[in-house]
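Remarks on the structure that follows.
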Amino acid sequence: MAAKPRITVLGTGYLGATHAICMAVLGYEVLGIDTDEAKIAALADGRVPFYEPGLPEMLSKALETGRLRFGTDIAEAAEFGDVHFVCVGTPQMKDSPAADMTYVDAVVTDLAKHLTRRALVVGKSTVPVGTAARLTQLLQSTAPAGDQVELAWNPEFLREGFAVEDTMRPDRLVFGVASDWALEQLQAAFAPLLEAEVPVVVTDLPTAELVKVSANSFLATKISFINAMAEVCETTGADVQQLAAALSFDPRIGGRFLRPGLGFGGGCLPKDIRAFIHRTEELGVGQAVSFLREVDAINQRRRQRTVDLIRSQAGGSLAGVTICALGAAFKPDSDDIRDAPALDVARLLQAEGAIVRVYDPQAMENARKAYPDLHYATGVAEAAEGAQVVALLTEWDQFRDIDPEWLGEIVAVRAIVDGRHALDPVAWRAASWDYRALGRAVDPAA
Ligand code: UDX
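Residue numbers (UniProt numbering): 1 to 446.
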């Protein structure tokens, strides 16, 4: 195996910060680079600039080892590193479903200009298939070291809320390489995980790029499948929760990612499937994944259907109705509000004249910045004061644990829409709540 490489991580957002911190804890000398000076200053000072359970403790641990540094100078990164991980974002373009490659291209070009010796550049960002081939060209034609610089692809599957666990104990590692030398470098860069016998798939560059988008497409499809079944349940009086439970016992199907409700959001699944559809169309194979359009459409419909259900709970009109909206983040244990179904619902309710009071345990600051027109409460009690309908939109444990009797004393009307199937309908109905959830029988006990 190659000698222990010195590592740089380019882009210290969610993915890059976690990767840099974990690599230092695993024993590597790491330099994290970002153009955002405030972010770099925070990290260097031991502060994680976003909410992720367990990561602040890992950052302190990494900084204590003296192996982790942060900076803004890409020339220093080129000088320092043997293996450079590209972790910058590929957000959806403003006017198209395509992924915006500006940041990836810029960081690879800037780094390449300074690469004067043999090095491996490893892509981790989620990109359109074919990017690695293009970046190889770009790297080798720009770098003073020419084809001494190689490119590999190592997609990242980490979930928000579980970032540390997913990085330290991944389900699998995927190494997309174009040479034995590149493979040896990757093996050296992941030696502690390989010793722990993490499964490894060694493959070519386009397959490695595709693994990530196909994994996310599959997960999105699974969620939209159960939500499509929920729609059928809604018109037949069947119960999607029991349906999902029955399906989950078949090990070929499995129960994970089969939770019906408000659907998926966040910075990955929605934009990744749209960018994938777009890319396959560019390549002339759009028909192969045309079902993903339906996956997206089913998912978007959940938001309007949840609003419809809340309106019906409010007696047919939302004008002037006070709604307690529990949740803003796209999922629990995260302060991320990108494409958050909860906030979409809150805004749709407000657009119909409702007075919406939002409370989320972690995402308030982000939500307030993005949507200053909504009303924000300091806690569940304030959000619920005099509410005519309660809508549970993100399934934080704090909301699961709410005592229906306690909440019942605060609201004006005991009506609740459980957008995440997080509550026990029996307990809530026993406390005289009119409990409703999409895809569930109105009252199976009645
Ligand atoms: C996802 C992938 O899981 C991860 O592998 C990839 O690297 C990045 O994208 P993340 O966006 O953090 O991770 O969230 P995830 O836990 O996958 O949830 C995505 C969305 O699906 C959330 O909005 C969640 O509420 C929703 N979801 C998930 C469901 O509606 N039902 C489910 O059964 C599971």
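Even glycine gets a Cβ: it sits at the ideal position worked out from N, Cα and C.
- [ ] Note the first and the last residue of the continuous alpha helix (DSSP H) segment covering Gly16.
- [x] As a first step, residue 16 must be located in the sequence shown, where it is residue number 16. Segment Tyr14 to Val25, the alpha helix (DSSP H) holding Gly16.
- [ ] For Arg259, verify whether its CB is less than 7 Å away from any heavy atom of the ligand UDX.
- [x] Taking the sequence shown and counting its residues from 1, one reaches residue 259 at position 259. Because some heavy atom of the ligand UDX lies under 7 Å away, the Cβ of Arg259 counts as near it: yes.
Task: beta strand (DSSP E) runs contained entirely in the region 339-427, provided each spans 3 or more residues - done: Inside the region 339-427, DSSP marks whole beta strand (DSSP E) runs of 3 or more residues at positions 355-359, 389-392 and 415-418, from first to last along the chain.
Open item on the list: Tell me which residue opens and which closes the alpha helix (DSSP H) that Ala314 is part of.
Closed with: For this step, residue 314 is matched to residue 314 along the sequence shown. Premise fails: Ala314 is in no alpha helix (DSSP H) and is neither H nor E.
Task: Residues near Asp339 in its chain [Cβ-Cβ closer than 8 Å; skip 5 each side] - done: Within the sequence shown, the letter at position 339 stands for residue 339. Cβ within range, chain order: Gly265, Gly266, Gly267, Pro270, Lys271 and Phe330.
Open item on the list: Just to confirm my understanding: we take Ala363, look at its own chain, exclude 5 residues before and 5 after, and list those with CB closer than 6 Å. What are they?
Closed with: One-based indexing of the sequence shown puts residue 363 at position 363. Closer than 6 Å at the Cβ level, and outside the excluded window around Ala363, lie Ala328, Ala329, Asp335 and Ile337.
Open item on the list: Taking 7 Å as the cut-off, is the C-beta of Leu219 nearer than that to any heavy atom in the ligand UDX?
Closed with: Sequence index remark: in the sequence shown, residue 219 carries index 219 (1-based). Checking every heavy atom of the ligand UDX against the Cβ of Leu219, one is found closer than 7 Å.
Open item on the list: Taking the alpha-carbon of Val104 as reference, which of Asp82, Glu29, Glu64 and Thr131 has the nearest alpha-carbon?
Closed with: Indexing the sequence shown from 1 puts residue 104 at position 104. Answer by Cα proximity: Thr131.
TODO: Could you tell me whether any non-hydrogen atom of the ligand UDX is closer than 7 Å to the CB of Arg301?
DONE: Locating residue 301 in the sequence shown gives position 301, where the first residue counts as 1. If you check the C-beta of Arg301 against the ligand UDX, you find no heavy atom less than 7 Å away.
Open item on the list: In this structure, how does DSSP classify Arg256 when only helix, strand and coil are distinguished?
Closed with: Against the sequence shown, residue 256 aligns to sequence position 256. Three-state DSSP puts Arg256 in coil, outside helix and strand.
- [ ] Inspect the beta-carbon positions of Gln92 and Asp82 and report whether they are closer than 8 Å.
- [x] Here the question's residue 92 lines up with position 92 in the sequence shown. Here the question's residue 82 lines up with position 82 in the sequence shown. No, they are not a contact pair.
- [ ] Using 7 Å as the cut-off, classify the Cβ of Arg159 as near or not near the heavy atoms of the ligand UDX, replying yes or no.
- [x] In the sequence shown, the residue the question calls residue 159 occupies position 159. Yes, the Cβ of Arg159 comes within 7 Å of a heavy atom of the ligand UDX.
- [ ] Return the chain-ordered list of same chain residues with a C-beta closer than 7 Å to the C-beta of Ala446, the five sequence neighbours on each side being excluded.
- [x] To locate residue 446, count along the sequence shown from 1; it is residue 446. With a pLDDT of only 47 at Ala446, under 50, the local geometry of the prediction cannot be trusted, and the value read off the model is given with reservation. None.
Open item on the list: Quick check on the DSSP output: what are the complete alpha helix (DSSP H) runs of length 4 or more inside the region 264-323, in order along the chain?
Closed with: 269-282 and 291-313
Open item on the list: Between Lys271 and the ligand UDX, is there a pair consisting of the residue's CB and a ligand heavy atom that are separated by less than 7 Å?
Closed with: On the sequence shown, residue 271 is found 271 positions in, with the first residue counted as 1. It does not: the Cβ of Lys271 is nowhere closer than 7 Å to a heavy atom of the ligand UDX.
- [ ] Mind checking which residues open and close the beta strand (DSSP E) that includes Arg169?
- [x] Here residue 169 refers to the residue found at position 169 when the sequence shown is read from its first residue. Here Arg169 belongs to no beta strand (DSSP E), and DSSP marks it neither H nor E.
- [ ] Report the rounded CA-to-CA distance for Gln242 versus Gly146, giving the unit in angstroms.
- [x] The residue you call residue 242 lines up with position 242 of the sequence shown. The residue you call residue 146 lines up with position 146 of the sequence shown. Looking at the two C-alpha atoms, the distance is approximately 59 Å.
Task: Contact under 8 Å by Cβ, Ala215 with Phe157 - done: One-based indexing of the sequence shown puts residue 215 at position 215. One-based indexing of the sequence shown puts residue 157 at position 157. Yes; because the gap between Cβ atoms is below 8 Å, this pair is in contact.
Open item on the list: According to DSSP, is Ala446 part of a helix, a strand, or is it coil?
Closed with: The residue you call residue 446 lines up with position 446 of the sequence shown. The predicted position of Ala446 is uncertain, since its pLDDT is 47 and thus under 50; a value taken from the coordinates is nonetheless stated next. In the structure shown, Ala446 sits in coil (DSSP, three-state: anything other than H, G, I, E or B).
Task: Given Gly11 as reference, the closest of Pro404, Pro56 and Lys124 once Cα atoms are compared - done: The residue labelled residue 11 in the question sits at position 11 within the sequence shown. Cα-wise, what sits closest to Gly11 is Lys124.
Open item on the list: Going residue by residue through the region 133-213, where are the continuous beta strand (DSSP E) segments of at least 3 residues, counting only ones entirely within it?
Closed with: Counting only unbroken stretches of 3 or more residues, the beta strand (DSSP E) elements lying wholly within the region 133-213 are 149-153, 173-176 and 200-203, in sequence order.
Task: Ala119 - partner residues in DSSP beta bridges - done: Numbered from 1 along the sequence shown, position 119 holds the residue referred to as residue 119. The beta-bridge partner set that DSSP reports for Ala119 consists of Val149.
- [ ] Note down the Cα distance separating Thr8 from Gln185, rounded to an integer number of angstroms.
- [x] Taking the sequence shown and counting its residues from 1, the one referred to as residue 8 is at position 8. Taking the sequence shown and counting its residues from 1, the one referred to as residue 185 is at position 185. Thr8 and Gln185: Cα-Cα distance of roughly 13 Å.
Open item on the list: the ligand HEM and Ile223: does any heavy atom of the ligand fall closer than 7 Å to the residue's C-beta?
Closed with: Although the ligand HEM was asked about, the structure shown includes only the ligand UDX as ligands.
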